[in-house]
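Chemist:
2 protein chains.
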Amino acid sequence: MSKNKLPTIKEIAKRLNVSASTVSRALHDHPSIGLVTTMRVHKVAKELGYEANKMAIYFKERKTYTIGVIIPDLSEPFFSAALTGVEDAAEASNYNVIIGQSLDNFEREKKIVENMKDHRVDGVLASLTKETSTYEHFDSLKKYNIPVVFFDRVPNRKDINYVACNLVSGMLQAITKLVDIGHTRIGLINGPAKLAATLQRLEIYFRCLKENNLPVDQDIIVSTTLGKADNVKAIDKLLSLDEPPTAVIVFNDYVLLDCIATVKAAGLIVNKDISFISFANLPIWEYMDSVPLASIEQFAYKQSSMAAGFLFELINNAEKPNAIDIPPLQHIIDSEMIDYTPAK
Amino acid sequence: MSKNKLPTIKEIAKRLNVSASTVSRALHDHPSIGLVTTMRVHKVAKELGYEANKMAIYFKERKTYTIGVIIPDLSEPFFSAALTGVEDAAEASNYNVIIGQSLDNFEREKKIVENMKDHRVDGVLASLTKETSTYEHFDSLKKYNIPVVFFDRVPNRKDINYVACNLVSGMLQAITKLVDIGHTRIGLINGPAKLAATLQRLEIYFRCLKENNLPVDQDIIVSTTLGKADNVKAIDKLLSLDEPPTAVIVFNDYVLLDCIATVKAAGLIVNKDISFISFANLPIWEYMDSVPLASIEQFAYKQSSMAAGFLFELINNAEKPNAIDIPPLQHIIDSEMIDYTPAK
DNA sequence: GAATTTTACGCAACCGTTTGCGTGAAAATA
DNA sequence: TATTTTCACGCAAACGGTTGCGTAAAATTC
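For the protein sequence lines, the chains are Z and S, in the order given. Quick note: the first sequence uses this note's numbering, first residue 1, plus one each step. Quick note: the second sequence uses this note's numbering, first residue 1, plus one each step.
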């Protein structure tokens, strides 16, 4: 039968006939409290099993030592790795992490932000929904002095804190590699037009072709809405061309899984009849028999833990009275091509 | 330049020359406050953009509307699905979720529990570390009236709340299926001896063999410490027998991935020379060419969301004054065999 | 022994909100 | 007009801990 009441400072004070302030100071070994009193306080505290109610302290400090993380979908290894990055960083700073999955739904994202505001998190890390194109819900956090750092899926704005990944380096390595081993007809299966990531890939694709002196052929640029049926349709379209590409850059690993299944069903052999480059979301390629030639690593953990670092910087800066309006914290990590060929 | 001060009840009170209590009541449309006053309060509140500081309320209520979830490793799809289950349940009850990954490390688990206690979560959901065999750290939460519900990896005790998964049903289906299609020599690659899950699988394995009138052969029962090298060793041992098993129950999907790779490297064909049954942790089998014959589903989402339901029940009950010591909430979900054969 | 410093502690406010109780004034009743 | 009821609101305590300031008593200095 656990007593409903936890020992408090007042309880200790009552037992020793001293004031609560004396107890508080004694517990912190404040020099202005006599040695005997201090010792007696500690003794009673131990007897009662006293532990400070951090919630009371946090409330007074107007802090929660909690940050919120908003991510689209935990079932994607990319985001669960990202969450782990946040958690590790938070643990090191003695912060807690509350999570919210937007499931790529804008309304959910808004609700989550609202909820985190209500819970007065000290800061927010966010990776945007595919649908998100307005940011008032995040802007509203400024009113509460809750800093926000975005990562990976970041708003297309200049005045924000973010850590993102630059696909150029990885894609350039990948396409150059394809060219090196003889590919001259490199297709692209891109994502939905409204995604920033889609436009980004397209631009870089063009750029990388140009750097390798390859012509652009609109026929080998297709797109998918990321649904399975549409993925299959996209690769089918490429395969049915008179002159199909010999290599394809694929929007992400999930799309690629469907592509590979389709290619195999068509009796073609991956990495012989057609090769793929994808983006590293999935950790299971080493166990697959048909794999992309290479994968572009976007460093989820690194991105998110760096974003968390930014966030703690902002949180700590906000406490300083020298309220210098520091410029936005921004960092872009270079992607890297991960070569899968030696494994074979 | 955001004002550092958020509007409070006192601020509104000052502006209207009324007391804070009047404002508070007016905001809640309490009948004892006059209509004009109530309206003026609402007006000023709107002007100032007042929003109640929930932290203050929660502090007064001695609640946080936050529950903690302790899981071994988010990178395992099983646990990320479980976390999603918790989050969905929490959202429905207007609770927040803070997470802690134990990484199967007992000391970390203890620290996480400690931390959650400090943050005065209203309840804890936990899936144990592989190393956990004592439970004082969880017991200590009773002192703070923080209920705990375990799921999937639960303590071997009677006096706890839990939701677990019964492997019997799934394994019986699986072994019966193997027998039905002609297998009589069914091996087992089990996990480390100290794991409860290992003993459990072994017992059920014996039981299922008996129910199918199959003899026990210790030669085809091996174990692995779950490391890659050891996984390979385990399957190699079986393959090198004079009379290898034609089917093998494998501890989990991760072990199975290594087994399949080894089998293929040995020139054998999965589902022809040797078949496997595993436990459904990984969602990617549909994209693999070599898959287990069937997989035993343990319903991560269902387990965790049901556990969350139990937890909220306990939290709500604790608030009622009728402190009936309700018996532990316990539920066991039947596992199910998921057949992969029709896919081929 | 008087003046000054040091020691050791208490008071009260504060964080933001809620709520039991009390009270003056207006309204209703006798 | 005197008494009771209703209305509309304020006071103060409470949640648990922290902290600036004030002060009585003891210790030190001259």
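Ideal Cβ positions, reconstructed from N, Cα and C, are used throughout, including at glycine.
According to DSSP, is A164/S part of a helix, a strand, or is it coil?
Modeler: The answer is strand: DSSP assigns A164/S an E or B state.
Chemist: Of all Cβ atoms in chain Z, is any one closer than 9 Å to the Cβ of K344/S?
Modeler: Bear in mind that the predicted position of K344/S carries a pLDDT of just 41, short of 50, making it unreliable; the figure below should be weighed with that in mind. Not an interface residue.
Chemist: Using DSSP with H/G/I as helix, E/B as strand and the rest coil, what is A266/Z?
Modeler: A266/Z falls in the coil class under three-state DSSP.
Chemist: How about Y144/Z: is its C-beta nearer than 9 Å to some C-beta of chain S?
Modeler: Yes, Y144/Z lies at the interface with chain S (some Cβ there is under 9 Å from its Cβ).
Chemist: So which of K5/Z, V250/Z, T225/Z has the shortest CA-CA distance to P192/Z?
Modeler: Minimum Cα distance to P192/Z is reached at T225/Z.
Chemist: Given a cut-off of 9 Å, decide if V121/Z and I99/Z are closer than it, judged by their beta-carbon atoms.
Modeler: The answer is no: Cβ separation not under 9 Å.
Chemist: What does I99/S touch in chain Z if you count any residue whose Cβ is under 7 Å from its own?
Modeler: Chain Z residues near I99/S: E87, V97, I99.
Chemist: Quick check on DSSP: helix, strand or coil for T66/Z?
Modeler: Residue state, collapsed to three classes: strand.
Chemist: How would you list, in chain order, the residues of chain S whose beta-carbon sits under 7 Å from the beta-carbon of F59/Z?
Modeler: M55, A56, F59, listed in chain order.
Chemist: At 7 Å on the CB atoms, spell out the chain Z contacts of P77/S, in chain order.
Modeler: Within 7 Å Cβ-Cβ: S75.
Chemist: Kindly indicate if chain S contains any beta-carbon less than 9 Å away from that of S2/Z.
Modeler: Low per-residue confidence applies at S2/Z: pLDDT is 40, beneath 50, and the placement is therefore not dependable, though the value from the model is reported in the following sentence. Yes - at least one Cβ of chain S is within 9 Å of the one on S2/Z.
Chemist: Taking 9 Å as the CB-CB limit, is A261/S close to chain Z?
Modeler: So yes, A261/S belongs to the interface.
Chemist: Tell me, which residues are paired with I99/S by DSSP?
Modeler: According to DSSP, I99/S bridges with V69/S.
Chemist: Whether or not the segment 252 to 261 of chain S and the segment 279 to 293 of chain S are in contact is what I'm after, with contact meaning three or more pairs of Cβ atoms, one per stretch, closer than 8 Å; do they touch?
Modeler: With the cut-off at 8 Å, the segment 279 to 293 of chain S and the segment 252 to 261 of chain S touch.
Chemist: Below 7 Å between beta carbons is the criterion; list the residues of the segment 173 to 207 of chain Z that meet it against any residue of chain S, in chain order.
Modeler: Correct list: empty, as no residue qualifies.
Chemist: Quick check: what's the CA-CA separation for P7/Z versus M55/Z?
Modeler: Using only the alpha carbons, I get a separation of about 14 Å.
Chemist: Which full runs of the alpha helix (DSSP H) of 4+ residues lie inside the segment 99 to 149 of chain Z, going along the chain?
Modeler: Those alpha helix (DSSP H) runs which fall completely within the segment 99 to 149 of chain Z and span 4+ residues are 106 to 118, 136 to 139.
Chemist: Output the distance between the C-alpha atoms of Y287/Z and D289/S, rounded to the nearest integer angstrom.
Modeler: If I take the Cα positions, the gap works out to 10 Å.
Chemist: Should D230/S be flagged as near chain Z, meaning a C-beta pair shorter than 9 Å?
Modeler: So, not an interface residue.
Chemist: Within the segment 284 to 342 of chain S, note down every full beta strand (DSSP E) run reaching 3 residues or more, in order along the chain.
Modeler: You should have 294 to 297, 330 to 334, 336 to 339.
Chemist: Who does V23/Z pair with in a DSSP beta bridge?
Modeler: Partner(s): none; V23/Z has no beta bridge.
Chemist: Leaving aside the five residues before and after M337/Z along the sequence, list all residues of the same chain whose C-beta is less than 6 Å from its C-beta, in chain order.
Modeler: Once the five neighbours on either side are set aside, the close Cβ partners of M337/Z are G170, Q173, A174, A294, I296.
Chemist: According to DSSP, is A247/Z helix, strand or coil?
Modeler: Note: A247/Z maps to strand in three-state DSSP.
Chemist: Can you tell which of G123/Z, D118/Z, V154/Z has the C-alpha that lies nearest to the C-alpha of Y135/Z?
Modeler: The shortest Cα separation from Y135/Z among G123/Z, D118/Z, V154/Z belongs to V154/Z.
Chemist: Using beta-carbon positions only, say whether G123/S and L329/S come within less than 9 Å of one another.
Modeler: In this structure, L329/S does not lie closer than 9 Å to G123/S by Cβ.
Chemist: Looking at chain Z, is there any beta carbon in it that lies within less than 9 Å of the beta carbon of R120/S?
Modeler: Yes, its Cβ sits closer than 9 Å to a Cβ of chain Z.
Chemist: Where does the unbroken beta strand (DSSP E) through S93/S begin, and where does it stop?
Modeler: Where S93/S is concerned, there is no enclosing beta strand (DSSP E), given that its DSSP letter is neither H nor E.
Chemist: With contact counted as at least three CB pairs below 8 Å, one residue from each stretch, are the segment 71 to 83 of chain Z and the segment 38 to 49 of chain Z in contact?
Modeler: They do not touch, by the three-pair rule.
Chemist: Looking at L214/S and T184/S, is the spacing between their C-beta atoms short of 9 Å?
Modeler: Contact: yes.
Chemist: Take D273/S as the anchor and find which of G34/S, A247/S, V44/S has the nearest alpha-carbon.
Modeler: Ranking the options by Cα distance to D273/S, first place goes to A247/S.
Chemist: Report the rounded CA-to-CA distance for Q303/S versus V222/Z, giving the unit in angstroms.
Modeler: Between Q303/S and V222/Z, the C-alpha separation is close to 41 Å.
Chemist: Which term fits D152/S, buried or exposed, when burial requires 16 or more other beta carbons within 10 angstroms of its beta carbon?
Modeler: By the neighbour-count rule (16 or more Cβ atoms within 10 Å), D152/S is buried.
Chemist: Does any residue of chain S bring its CB to less than 9 Å from the CB of P283/Z?
Modeler: So, interface residue.
Chemist: Closest to N156/Z by C-alpha separation, out of R25/Z, K130/Z, I260/Z, Y144/Z, would be which residue?
Modeler: Nearest C-alpha to N156/Z: K130/Z.
Chemist: Determine whether the beta carbon atoms of I189/S and A234/S lie at a separation below 9 Å.
Modeler: Yes, the Cβ-Cβ distance between I189/S and A234/S is below 9 Å.
Chemist: Let me see if you follow: with CB-CB separation under 9 Å, is G123/S close to chain Z or not?
Modeler: False, the Cβ-Cβ gap to chain Z never drops below 9 Å.
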